[in-house]
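Residue numbers (the working numbering), protein chains in the order written: chain A, 1 to 424; chain B, 1 to 424. Take a look at the structure below.
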């Protein structure tokens with residue numbers, strides 16, 4: 001099949017097709033809270049307890065009832081009976097009476113009856129008594145019950161990917177188990193007689209299957225489970241067998257290489273045996289990566305990445321990444337780019353003016369804000385991607401961006417790194 | 001020990017002390033390249049091969065020697081003898097002669113003797129011959145040897161944390177093993193009679209040891225290995241035993257809680273038995289977290305985090321994070337913040353005007369650039385941290401930042417998340 005560029009599908013139409021063919025929906029599992037780091041919440045968290053669960057002291061001091069201090073003055077300090085001490089985490093059974101004080105550490109629970117804390121440095125202890133020379137209103141140096149988390153008020157939203165402090169909050173709330181979305185399993189198949197998974201057999205022109213590695217890691221960074229099925233030879237029967245194996249092991253299939261629109265198109269030809277003609281899009285207005293394709297088999301989305309790394313990466317970020325997000329319960333990676341100024345003018349390749357373009361950039365922090373240097377180079381170039389730490393999606397109609405123009409830079413987890421890693 | 005605020009050490013002095021006491025240096029190990037994802041390179045990578053290793057075709061077409069096409073014209077197409085085809089990854093033994101052509105797929109190696117590719121759509125094959133009606137200069141549609149990576153030219157710098165595409169490049173270069181820095185092992189000890197590691201025993205005021213979880217995950221996000229030693233009771237002998245265990249298992253020790261400058265100071269008192277008085281800094285001009293401390297035992301850095309989460313986080317980002325970076329071979333997380341505009345005025349707490357302040361913020365992308373909303377709340381508040389996705393370090397002398405003022409927001413891996421996770 002040789003297509004003319006104007007017959008290619010737009011990225012938007014291809015994605016719509018992919019979504020409409022896909023019957024895979026997010027699935028939920030309940031897991032132990034400490035295992036939930038990095039997972040996506042499938043339920044909003046509405047705590048059934050307050051944090052703190054009762055009023056807590058802000059200082060090392062004496063818990064009192066503020067009423068006891070009503071008459072306190074420098075001239076005539078109030079004398080309170082000392083009732084021992086509360087330890088951290090201890091809940092006093094005895095109610096504190098008026099005219100009484102009890103020693104309390106920072107973070108310790110106030111006994112019932114107490115509503116204020118007098119810091120140690122503002123009180124004088126003598127024998128069984130404590131003297132306080134100043135009124136302290138109710139609430140002084142007290143962190144009230146429910147101040148951090150109020151029972152019944154939602155603290156974490158469904159769809160949030162849990163960070164350490166989020167899991168820490170779950171643990172603090174006494175939540176043992178949470179509902180999270182299952183990680184989507186994504187099978188990855190690299191095709192090509194020239195490829196090898198071996199670490200030692202690179203000779204005679206064999207090429208190591210590095211793409212399978214790269215995309216497996218990116219799938220995992222996005223919360224998926226990579227099922228790396230390794231290399232398959234350029235043989236339609238073998239490819240078909242591998243695709244069947246993939247469908248048995250995963251919710252989604254990604255092929256790498258073996259796709260073309262003029263020459264040998266083994267993956268495309270193989271997939272066409274699984275689906276009806278209107279269920280496959282092959283040839284997408286996407287630069288790099290026009291020979292990419294999408295379909296679904298048994299309702300499971302299949303994305304055909306081209307062999308050259310930049311085209312493969314384009315198809316990954318535009319099709320695979322959002323599908324992982326959708327199946328994984330959150331709209332991953334495609335949203336919320338950061339704005340940056342382009343450090344030099346960029347122009348689309350003449351061959352594909354009305355294509356969606358994916359431009360790799362190197363972000364850096366300048367005095368005036370973020371800057372993005374466009375990286376240009378051939379589609380096979382891996383060093384374009386090792387130099388880049390973000391990418392810009394340029395819509396079909398746009399063919400140039402002037403120097404200083406504002407672009408929205410996408411940061412794909414793993415592909416780009418945070419902070420020190422972002423700007424290394 | 002009760003200190004007056006003016007006797008506290010500055011953050012800078014405390015950090016200097018910590019560094020000068022530490023005798024731990026980055027260590028190197030050689031590991032298999034596919035295992036190196038996320039690790040920090042301990043050597044720069046200077047390839048001994050070119051990528052591609054020989055000229056490669058950019059198109060499905062015919063490899064030729066450009067000289068053969070010198071006379072080609074629409075009127076009189078040049079006739080070339082077709083010498084079969086090159087497959088992907090195949091290296092032709094036979095040198096291509098003048099007046100000859102050989103079919104080559106996109107990405108296929110050119111045979112020696114060939115220096116240009118004529119795309120299939122620009123040539124006409126007929127029997128054993130191919131007709132070309134236009135001159136193609138040497139290099140046409142060819143991706144030259146070494147175009148991506150030239151042998152002998154450094155491609156990855158020592159100190160880089162490897163991303164998927166970086167490892168992909170190593171694999172493409174046939175590099176089987178790389179030297180990386182060993183992950184620093186960081187022991188984490190939580191102290192407090194009120195704490196429990198149990199998932200089921202939260203009652204009677206017991207508090208789950210969520211801080212140990214949070215800081216263990218952050219240590220790992222930064223490339224360290226968390227050695228979570230769980231909870232130890234408020235007992236100096238038990239704490240000392242745990243610290244000894246930690247020193248045996250890790251290059252660095254982090255304690256949580258049990259540190260005070262007025263009341264019970266069990267961790268500080270315990271550590272003072274291990275070191276000379278001038279080898280410990282306890283009381284730091286840092287808000288939150290003034291009761292934090294630093295020292296080193298047996299040359300291994302020890303950081304005392306206060307119990308309340310915000311103070312603990314301050315001490316973590318200012319002392320623990322950069323030490324992990326230093327021991328792990330890269331200067332992690334503290335550098336390269338992103339600039340943002342503060343959405344509302346911020347003022348330091350009156351009590352600690354000349355302290356270094358750590359302010360948690362929520363970053364978001366506005367039309368004009370990044371904005372940071374300061375989060376204020378009590379030091380025990382975990383929800384401050386679950387709402388925040390970055391933090392600002394305000395230097396000692398500065399006590400207020402006006403609304404709209406520019407701040408530098410730090411993004412700690414794990415604490416803040418990338419892209420979709422950054423702006424969720």
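Ideal Cβ placement from N, Cα and C applies to all residues, glycine included.
Can you find a CB in chain B that lies within less than 8 Å of the CB of residue i?
i	result
residue 338/A	yes
residue 107/A	yes
residue 419/A	Legend: pLDDT at residue 419/A = 36, less than 50; position of this residue unreliable, value from coordinates given subsequently. So yes, residue 419/A belongs to the interface.
residue 56/A	yes
residue 285/A	no
residue 96/A	no
residue 62/A	no
residue 225/A	no
residue 355/A	no
residue 316/A	no
residue 218/A	yes
residue 320/A	no
Can you tell me whether residue i is helix, strand or coil according to DSSP?
i	result
residue 52/B	coil
residue 15/A	helix
residue 120/B	helix
residue 334/A	Note on residue 334/A: pLDDT 49, under 50, position unreliable in the model; the coordinate value appears next. Residue 334/A falls in the coil class under three-state DSSP.
residue 47/A	coil
residue 416/B	strand
residue 241/B	helix
residue 280/B	strand
residue 252/A	strand
residue 144/B	coil
residue 287/A	strand
residue 269/A	helix
residue 212/B	helix
residue 309/B	helix
residue 30/A	strand
residue 166/A	helix
residue 322/A	helix
residue 327/B	helix
What whole-angstrom Cβ distance do residue i and residue j have, given they're in contact under 8 Å?
i	j	result
residue 268/B	residue 281/B	Going by Cβ atoms, the distance from residue 268/B to residue 281/B rounds to 11 Å, so no, they are not a contact pair.
residue 28/A	residue 135/A	55 Å between Cβ atoms; not a contact.
residue 374/A	residue 342/A	6 Å
residue 147/A	residue 177/B	Actually they do not touch by this definition, with Cβ atoms about 54 Å apart.
residue 227/B	residue 187/B	4 Å
residue 285/B	residue 191/B	About 24 Å; that fails the 8 Å criterion.
residue 103/B	residue 75/B	Contact flag wrong, Cβ pair sits at about 25 Å.
residue 225/A	residue 183/A	5 Å
residue 130/B	residue 62/B	5 Å
Measuring only between beta-carbons, confirm whether residue i sits less than 8 Å from chain A.
i	result
residue 155/B	yes
residue 116/B	no
residue 149/B	yes
residue 141/B	no
residue 211/B	yes
residue 146/B	no
residue 288/B	no
residue 87/B	yes
residue 415/B	yes
residue 358/B	no
residue 349/B	no
residue 231/B	no
Have a look at the DSSP bridge pairing and note the partners of residue i.
i	result
residue 59/A	None, per the DSSP bridge assignment.
residue 390/A	361/A
residue 182/B	Per DSSP, none; premise fails for residue 182/B.
residue 92/A	Per DSSP, none; premise fails for residue 92/A.
residue 161/A	40/A
Item to check | Interfacial residues, the stretch 377–396 of chain A to chain B, with Cβ spacing under 7 Å | outcome: 378, 380, 381, 382, 383, 385 and 386
Checklist entry - Which of the residues in the stretch 165–196 of chain A, read from start to end, lie with their CB under 7 Å from any CB of chain B? => result 165, 166, 167, 168, 169, 171, 172, 174, 176, 192, 193 and 194
Checklist entry - Listed in chain order, which residues of the stretch 363–376 of chain A have Cβ atoms closer than 8 Å to some Cβ of chain B? => result 365, 369 and 370
Checklist entry - Closer than 9 Å, Cβ to any Cβ of chain A: which residues of the stretch 66–85 of chain B, in chain order? => result none
Next on the checklist: For the stretch 26–46 of chain B, list every residue whose C-beta sits within 8 Å of some C-beta in chain A, in sequence order.
Outcome noted: 32, 33, 34 and 37
Checklist entry - When you check each C-beta in the stretch 289–311 of chain B against every C-beta of chain A, which residues fall closer than 8 Å? => result 307, 308 and 309
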